[in-house]
Each structure stands twice: as structure tokens, then as C-alpha cells.
Amino acid sequence: MRSQRVEALQVAINAIIAVTTAALLYLPRPVVVRAGRDGWVAVGLATLLGMALAWCWWALFFRPERAPGEQASGTRPGWGDRLLAAGLAGYATYLTAVLVAQVATVFATVLPEMPVAVFAAGTALTGWVLAAYGLEAVYRSGQALFPLMVGASVLNLAVVLAGNVDVRELTPLLETGLGPVMAALPVALAFAGEAVVVLAAAGRVRDPGRLRRALPLAVALSGLLLVAYTAAAVAVLGATEVARSTFPVLSLIRQVRASLFLLRLEILTLFAWLTGAFVHLGLLLTAAGTAASRALSVRSRWHGVVTAVPAAGAGWLGVVAFESGPMLLDHVERIFPAVSMTGMAFLLVGGWLSLKGRRSSRPRPPTPRTGSPRLDGREETGSAGSAKAGPSRLEVRGAAPGSRRAAALGMLALSAGLFLGGCYGRIEPEQAAVVTVLGLDRTRSDRLLLTVEIVGAPTAGPMEQPGSIAHRLLHAEGQSLLDAQRRLELAAGREMLWSHVNVVLVGRDLARSGLEPVLDTLSRRYTFRRNAFLFVTDGPAGQFLRRLHPAFGAPRFVAFQRMMLRPSARLGPPIDLNAFLRTVGHGGEDPAVPVVDLAASTLTEPMVRRVALFRGLHLVALADEPATRGLYWLTGQQEVDRLVWPCPGDPPGRGFGATAVRSSSRRSARWTPEGPAASVRVRVEADVEEWRCTEPLTTAALPRAEAAAERAVRRDVAALIDLARRQGVDPAGFGLELHRRDPAAWRTVASRWRRRVASLPVSVQVDVHLRRTGLTMGAP
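Position in the sequence shown (first residue = 1) + 6 = the working numbering.
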């Protein structure tokens with residue numbers, strides 16, 4: 007019979023797969039619910055405990071080269087060993103059922119038209135097929151697919167963090183102490199303990215001594231990846247949105263925007279997770295099958311049949327016990343930690359008692375060289391010694407077929423991962439209506455008006471330019487957003503695809519009444535992307551879209567693309583829905599959304615010269631251009647812009663032109679005996695492009711020109727601060743700065759911060775550096 011031996015590296019790699027795939031999608035939410043923004047700290051502490059637990063697995067099972075319930079050749083297992091093997095089989099079957107339910111729930115969310123039973127049965131069947139080939143094939147498959155999984159996960163995480171992360175969401179650290187972190191520790195440790203699945207390989211490792219460091223290191227590496235994803239979810243989405251999201255990592259990876267309109271890169275993480283889930287299922291079913299065989303004294307030739315029992319049971323439980331997503335999430339948060347702790351404690355105590363019993367018994371005589379006592383005589387290796395002596399001839403002969411079989415299984419799992427990671431069914435271009443721009447308005451009858459631009463396949467008709475894209479506006483009215491969408495799809499006569507919405511326009515009346523119903527509906531749908539750019543229109547959004555006619559018959563989203571790529575068309579950076587929700591989620595800062603207008607000379611290009619100030623989810627004021635520029639001076643987000651600043655001495659009707667190329671700001675808030683106070687320092691770098699002042703531009707006049715520019719910037723900042731005080735909003739985030747710097751002081755004023763803003767003293771310091779003048783100064 008061919009050897010079923012594995013390497014220490016394979017065991018470590020599959021331990022990483024087991025821990026990571028179980029926790030990647032389901033760990034961030036429960037730890038953030040309990041520990042808030044410090045959830046990643048709980049994951050880090052659980053990783054340290056998981057490393058200690060992994061060392062215990064090595065000391066109790068891998069070092070003595072005995073799997074749970076395994077006995078030497080020629081001996082009859084006692085009831086204690088049978089009970090230990092049965093415990094591992096039951097625990098592994100439970101983890102299998104949970105993992106099947108996880109896969110089915112995720113893909114029922116992504117593809118709601120598919121029945122949950124189909125996902126559960128297909129997942130369980132895939133895991134059983136992999137496990138039926140034996141332990142070595144499973145571990146080789148994990149080793150073969152591991153580089154692809156790690157590469158996809160790390161690449162997707164790196165792309166997500168680019169331009170989306172807000173480190174302020176992670177501070178202040180341990181604001182409420184270690185209590186919430188300790189409350190989140192059990193669920194994090196339960197996921198870290200998933201490495202118990204590799205105990206089935208104890209006694210099959212060629213050099214178990216290497217696992218003394220390799221196994222804890224594997225748990226540490228998987229823990230670092232989970233810490234990174236948990237911290238990234240908080241830093242990108244915000245702690246409030248992570249707690250509200252069903253699958254925060256799915257929302258996180260859908261923030262990927264490799265370019266302005268290049269989307270759908272989240273398939274990398276889904277592919278990595280699904281591939282790892284299949285390998286993990288094979289590991290779990292292999293552990294359950296081998297442990298059950300030891301507990302029942304079943305011969306190895308019945309391994310496939312025995313493994314089919316927990317596979318069928320897990321598939322059935324995945325549908326019956328977890329028939330809905332909320333049931334599974336509640337189970338993972340409340341019951342899963344208790345079951346996992348019980349299972350790990352049982353294996354620890356049972357392994358220690360079994361090891362103690364072996365040490366206290368009399369040493370047995372050496373076994374013949376033709377049989378391995380670790381495998382109950384089922385393998386003939388030619389040597390009963392350690393793997394350090396090298397593999398036998400039979401192992402060498404069986405290695406090539408085993409490698410080919412493992413490669414075939416790896417390709418099967420890879421194909422299944424790519425298939426399930428894609429789309430079921432087929433939607434042809436002539437059958438679909440791709441929504442790119444979404445306009446939302448509230449009518450006088452308090453109904454919701456939905457205006458969308460849909461694009462279709464490229465056309466080349468006689469009256470159209472070659473390669474142009476067919477596009478048109480549609481609108482529908484309904485009592486709610488969902489009702490309006492339904493009516494819109496009936497009017498379009500096509501399948502509406504909402505996952506490509508890049509621009510969301512909100513009319514002023516709807517924004518004043520509040521965006522809670524609209525954003526709540528959009529946030530619940532997986533198909534809607536949170537990285538769509540958000541704008542407010544001064545009038546109805548639908549009317550704005552009808553007036554906008556981009557040049558050369560281009561779709562309207564192309565006009566917005568040009569605007570966002572051209573800094574001269576806007577004063578500051580655009581904001582997406584995720585950043586808006588993240589700002590609303592934490593206290594001490596109110597969102598400001600760009601107001602889009604049409605250029606005065608043409609109706610072909612949109613532009614942004616104003617912002618809309620929100621109090622929570624309600625629009626309260628539209629800032630004019632000086633106040634808008636003052637906001638961007640305060641936040642250091644002023645884009646490259648051409649400005650006219652007054653000449654030295656502020657003579658009427660004269661000024662000098664400059665291009666502001668860079669700005670930065672440093673805001674701070676502190677607690678004083680009189681209450682909270684704020685200060686800000688703004689630094690601006692500009693180039694002189696035009697000089698129309700009566701005084702020549704000399705070295706002596708340059709400092710006075712900089713002082714005049716500083717007074718102009720200070721007036722812009724004062725205009726924004728006065729408007730914010732009148733409206734009781736904090737768009738600059740002074741409250742957030744106080745929260746980060748002095749959490750205790752913030753707790754005393756958090757509930758009445760909006761009233762405090764009206765009288766908040768703000769010290770403003772402005773430094774303008776005119777770095778270039780274009781020509782020499784004082785030339786003869």
C-alpha cells in the first residue's frame with residue numbers, strides 16, 4: 007500500500023490555510039462588535055494564545071508521533087483512546103458543518119438566485135472527494151495552492167489600502183481599557199484554534215521535530231494576516247460600518263479601485279478564500295474520517311465510506327441548522343466560541359492523560375523493520391526509524407503517482423474555485439442595462455424619483471461615431487428606492503446591473519430630508535458598490551442629468567471621469583459613499599459633500615466649486631466658494647488651483663495671480679480650563695504666475711505679498727468657521743482630534759458637542775510660501 011506520509015512544511019502550510027479560511031470573512035465583525043476599533047488587538051492576543059496552543063499540539067501528539075486515539079501495532083486501543091478519537095471526530099465534524107454553512111451563506115449572498123442547499127451539497131461533496139484520496143493528497147493540494155492564495159490575499163489587501171485607509175479610525179487605542187478586548191478574545195481564540203485539524207497528521211510526519219517551531223510560526227503568520235484584515239476593515243470602513251456589515255471583508259474588498267473605473271478586483275480575495283475553504287474541508291473531513299476509524303476500529307480500506315458520513319452530516323446541518331445568514335452569524339458569535347473552547351480543552355486534557363499513560367507503561371520491545379507501529383502495521387517502509395534516515399524504495403516509487411494525483415486534485419480545486427467565484431448564468435449585452443450614474447430626488451408628493459443613465463454595447467451606426475457607446479436616461483418614481491428600482495426595470499425591459507454605478511447624485515430636497523432610507527437600502531445590497539462617488543446638486547438631480555450633454559455624445563459618467571481627473575474642475579477631492587458613511591459613523595466630525603454644477607459657458611462639463619455641509623445624514627447648508635476653499639485649506643485637501651490674491655497693502659482692484667500647488671494643515675484640539683479649544687496651522691506653497699501690483703516684485707516685496715496671501719487664506723478659513731458655527735456642524739473634525747488626544751475630555755462633551763461648536767475658539771495660523779516667481783526679481 008502506498009505511503010501516507012507528509013512533510014513538516016506541508017503541515018504548517020495547511021495549518022495556515024485552516025486558520026485563515028475559517029476566520030477571514032467571519033472574524034472581523036464579532037470582534038469589532040465587542041471591542042470596537044480595538045478588535046484587531048483582540049485578534050493579536052488570540053494569535054499569541056494560538057501559538058501556545060499549537061506548541062501544546064506538538065508536545066502532546068506530534069513529538070510522540072501519535073494521533074489522537076492511535077496506538078502502537080499489535081495493541082488494542084483502550085476506551086480512553088477511543089473516546090479521544092471520537093472527540094476529535096465529533097469536533098472536526100462540527101467545524102465542517104460550520105464551514106459548509108459559511109460557504110453556502112457567503113455565496114447565497116453573492117448569488118441569491120441559487121438555492122442554499124445547492125451550495126451546501128456541492129461544498130460538502132467537493133470536500134469529500136478531496137478527502138477520499140487520503141491524507142497525503144489533501145496536504146499536497148494545500149501546498150500546491152498556498153502560493154496562489156497568499157498572493158491573491160496580500161495583493162487585494164494592498165490595493166484596498168491604497169487611497170482608502172484612514173488611520174484615525176484606529177485611534178485612540180484601548181480607549182475603554184482591556185475589558186472589551188478580553189470580551190472579544192474567546193471568539194478570536196476559537197478561530198485561532200482551527201489549527202487542531204492538523205492533528206490527523208500526527209504520526210505521519212517524516213520529521214516531526216521541525217514542527218516544534220514551524221507549527222506556532224504558522225499560526226502566527228495566519229494571525230498576522232487576520233490582524234491586517236481586521237485593522238484594514240476598521241480603517242477603511244469604520245468601526246460602526248464593520249459592526250453593521252454582515253461580511254465586512256466583502257464590503258472591504260469591494261472598495262478596490264485600481265483605476266478610476268476599473269472594478270471587480272474583489273474576485274482575488276474570493277478566489278483565495280474559496281480555494282482555501284475547499285482545502286480546509288478536505289483537512290476537516292480527513293481528520294473526522296481517520297479519527298472515527300480509530301474510534302470504531304475500522305480498516306483503512308473503508309476510509310472513503312467513513313469520511314462520507316461526516317461529509318453528509320455536515321452538508322445536512324449546513325442547510326438545516328443554519329438556514330439563514332442571521333442564524334449562522336448569531337451562532338458564530340455566541341455558541342461557536344463555547345463549543346471550540348470545549349473541544350480544544352477536551353483534546354488537551356485527553357492528550358495529556360494519554361501521554362502520561364504511555365510514559366508510565368513499560369517499554370515495549372522494538373518492532374520489526376517491516377512495519378510501522380505508528381500506522382498499526384498498515385505501511386511497509388523498509389525502516390521503522392525516523393524520516394531522517396530517508397524514504398524507503400516503496401515511498402520513492404509511490405511519490406511520482408502521488409504527485410500527479412495531488413496535482414490533478416489541485417487543478418480540480420482551482421477550477422472549482424474559479425467557477426464558483428464567477429457568475430452563474432449568462433447575461434448578454436443586448437439583454438442587460440448597465441447603470442453608471444444614479445440620480446435620487448424627492449418629489450412634492452414625498453415619493454422617490456430615480457433617474458439613471460444606462461449604457462449598452464458599443465455601436466457603429468450610420469449616425470454615430472465608430473466605437474461610441476449607446477446610452478440613455480431612464481427615470482421612475484416610487485414610494486421607496488426598491489419600488490422605484492422595480493418600476494425602472496419594468497420600464498427598461500432589461501436586466502438592470504447596479505454593480506457598475508460610479509456616480510451617485512442626490513438632489514438638495516432629498517438631502518435636506520435625510521439620506522437614512524436611501525443609504526440603508528444601498529448598504530444592504532451586495533451588488534451596490536460603496537466606492538461610488540457621491541455628489542449633491544443644487545436642484546433636482548434628474549434635471550441636472552437631463553441638462554448635462556457631454557461632448558461628442560459621450561456617456562455622462564465619462565464627463566464625471568474627466569472632471570475627477572482634472573483638478574482645475576474642482577476645488578477638492580471627491581468623496582465616495584464609504585467615506586461618507588465612515589465619517590457619519592464616528593462622532594466629532596460631520597461630512598461635507600461636493601456640490602456639482604454645470605460650467606457657466608457650456609453644458610457639456612460638470613464642475614465642483616462648492617460643498618454641502620451635513621449634520622449627520624441631513625443637509626444643513628451649501629457653502630459658497632470662499633467657504634469651500636476655506637474647508638479645503640483647513641483639511642489640507644486644496645487641489646491645484648489658480649488664485650488671485652490681493653497685492654501688498656490690499657489696494658482695491660489689483661492683485662497678483664498665483665497657482666497653489668500644494669497645501670497641508672495640522673489640526674489639534676485640547677481641553678483648557680475654559681473648555682475645549684482648537685488650533686490649526688495651514689501651510690500653502692504657490693507659484694507667482696502674474697503680477698499686476700503697482701509695486702515691483704522685488705525681494706523686499708515678496709514677504710509682503712506672502713503676508714497678503716496669508717490674510718486672504720485666513721479670510722477663507724474664517725468664512726467656513728463662521729458658517730459651521732451658525733449651523734452647529736464640525737466639518738473640519740475638531741471633535742475627532744479632541745477624541746484622539748484626550749478621550750476622557752471627549753466623553754464629557756461628546757453628547758453636547760454640536761452646541762460647543764457654536765462657541766468653539768479656533769486659533770488659525772497660515773504660512774504661505776511663494777516658491778517661484780517665474781522671472782528674476784530686481785533685474786535692470
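All residues carry an ideal CB built from backbone N, CA and C; glycine is no exception. Every value quoted in this text rests on a predicted model; they were computed, and no experiment measured them.
field: Pair within 8 Å by beta-carbon distance, G578 and Y638
entry: Taking the C-beta atoms as reference points, Y638 is found nearer than 8 Å to G578.
query: Are the beta-carbon atoms belonging to L554 and R562 less than 8 Å from one another?
result: Yes, Cβ-Cβ distance for L554 and R562 is below 8 Å.
- request: Would you mind stating whether G635 and D722 have Cβ atoms separated by less than 8 Å?
  value: Here residue 635 is Arg; the residue named in the question, Gly, does not match the sequence. For R635 and D722, yes; Cβs fall inside 8 Å.
- request: Go ahead and label S265 buried or exposed: buried means 16 or more other beta carbons lie within 10 angstroms of its beta carbon, across all protein chains shown.
  value: Confidence is the limiting factor: at S265 the pLDDT is only 45, short of 50, which leaves the residue's position unreliable, though a coordinate-based value still follows. Exposed is the call here.
task: Less than 8 Å between the CB atoms is what I'm expecting for I19 and F152, so what's the real figure, rounded?
output: Here I19 really is in contact with F152; their C-beta atoms are around 5 Å apart, less than 8 Å.
- prompt: Out of curiosity, what's the CA-to-CA distance linking G84 and R174?
  reply: Between the alpha carbons of G84 and R174 lies a gap of roughly 58 Å.
- prompt: To the nearest angstrom, how far is it from the Cα of A103 to the Cα of A317?
  reply: About 8 Å.
query: What's the gap between the Cα of S451 and the Cα of G499?
result: Their Cα atoms are separated by approximately 27 Å.
- prompt: Over what stretch of residues does the alpha helix (DSSP H) that includes R760 continue unbroken?
  reply: Per DSSP, the continuous alpha helix (DSSP H) segment holding R760 begins and ends at W759 to V763.
- prompt: Using CA coordinates, which residue listed in R448, A482, T449 and A476 is at the minimum distance from V458?
  reply: When each option's Cα is compared against that of V458, the closest is A482.
field: Neighbour flag for V507 against chain D, beta carbons, 8 Å
entry: The structure shown has no chain D; it contains just one protein chain.
- prompt: When the Cα atoms are used, what is the spatial distance from S788 to A715?
  reply: Past the boundaries of the shown model lies residue 788; the chain is included only from 7 to 786, so the question cannot be answered.
Spatial neighbours of V768 in its chain, beta-carbon cut-off 6 Å, leaving aside the 5 residues before and after: The residues are A684 and I727.
message: Can you tell me which residues form a DSSP beta bridge with R778?
response: D693.
query: Any idea if R588 is buried or exposed, counting beta-carbon neighbours within 10 angstroms, 16 or more meaning buried?
result: So R588 ends up on the buried side.
Runs of beta strand (DSSP E) lying entirely within the stretch 202–238, each at least 3 residues, in chain order: Here no run is fully enclosed.
task: Would you kindly check if the distance between the Cβ of W358 and the Cβ of P222 is under 8 Å?
output: It is not a contact, given that the beta carbons lie outside the stated cut-off.
- request: Whole angstroms is fine: what's the gap from G423's alpha carbon to S757's?
  value: At G423 the pLDDT is 49, less than 50, meaning the model places this residue with poor confidence and gives no usable figure here.
field: 8 Å Cβ cutoff met for E696 and H775
entry: Not a contact, by the Cβ cut-off of 8 Å.
query: Under three-state DSSP, which class holds H309?
result: Three-state result, H309: helix.
message: When you compare the CB positions of L191 and A48, do they come within less than 8 Å of one another, or not?
response: Yes; because the gap between Cβ atoms is below 8 Å, this pair is in contact.
- request: Please report how far the alpha carbon of A198 lies from the alpha carbon of Q16, in whole angstroms.
  value: Taking the CA atoms as reference points, A198 sits about 18 Å from Q16.
- request: On a CA-only basis, which of A110, F539 and P597 is nearest A849? Give me that one, please.
  value: The first residue shown for the chain is 7 and the last is 786, placing residue 849 beyond what the model contains.
Any beta strand (DSSP E) of 3 or more consecutive residues that is wholly inside the stretch 623–698: List check, beta strand (DSSP E) in window: 624–629, 647–652, 661–678 and 681–697.
- prompt: Is the distance from the Cβ of G93 to the Cβ of S360 below 8 Å?
  reply: Result no, Cβ atoms of G93 and S360 do not sit closer than 8 Å.
G157 classed as buried or exposed, judged by whether at least 16 other C-beta atoms fall within 10 angstroms: Its Cβ having fewer than 16 others within 10 Å, G157 is exposed.
query: Under a three-way DSSP split, which group does H337 fall into?
result: DSSP places H337 in helix when its eight states are reduced to three.
message: Quick check on R535: buried or exposed, where buried means 16 or more other Cβ atoms within 10 Å of its Cβ?
response: By the 10 Å Cβ count, R535 comes out buried.
Terminal residues of the beta strand (DSSP E) in which L511 lies: It spans V509 to G513 - the beta strand (DSSP E) in which L511 sits, taken as one unbroken run.
message: Can you check which of these residues, F68, R88, P36 and L105, is closest to A24 by C-alpha distance?
response: Checked all of F68, R88, P36 and L105; the closest Cα to A24 is L105.
task: Evaluate the contact criterion for the stretch 544–554 versus the stretch 506–524: three or more CB pairs, one atom per stretch, below 8 Å.
output: With three or more CB-CB distances shorter than 8 Å, the stretch 544–554 counts as touching the stretch 506–524.
- request: Could you pull the start and end residues of the alpha helix (DSSP H) that D44 belongs to?
  value: Under the DSSP assignment, D44 falls outside any alpha helix (DSSP H); it carries neither an H nor an E label.
field: Buried or exposed (CB count within 10 angstroms, at least 16 for buried), R40
entry: R40 should be labelled buried.
query: Where are the alpha helix (DSSP H) runs, 4 residues long or more, that stay fully inside the stretch 700–734, in chain order?
result: Listed in chain order, they are 707–733.
message: Looking at the secondary structure, which residues open and close the beta strand (DSSP E) in which L875 lies?
response: It is not possible to answer for residue 875, since the shown part of the chain is limited to 7 through 786.
task: Counting only the same chain and skipping the five closest in sequence on each side, list residues whose C-beta sits under 7 Å from that of A91.
output: If we look at A91 and ignore the five residues flanking it on each side, its Cβ neighbours are P74, G75, A297, R300 and A301.
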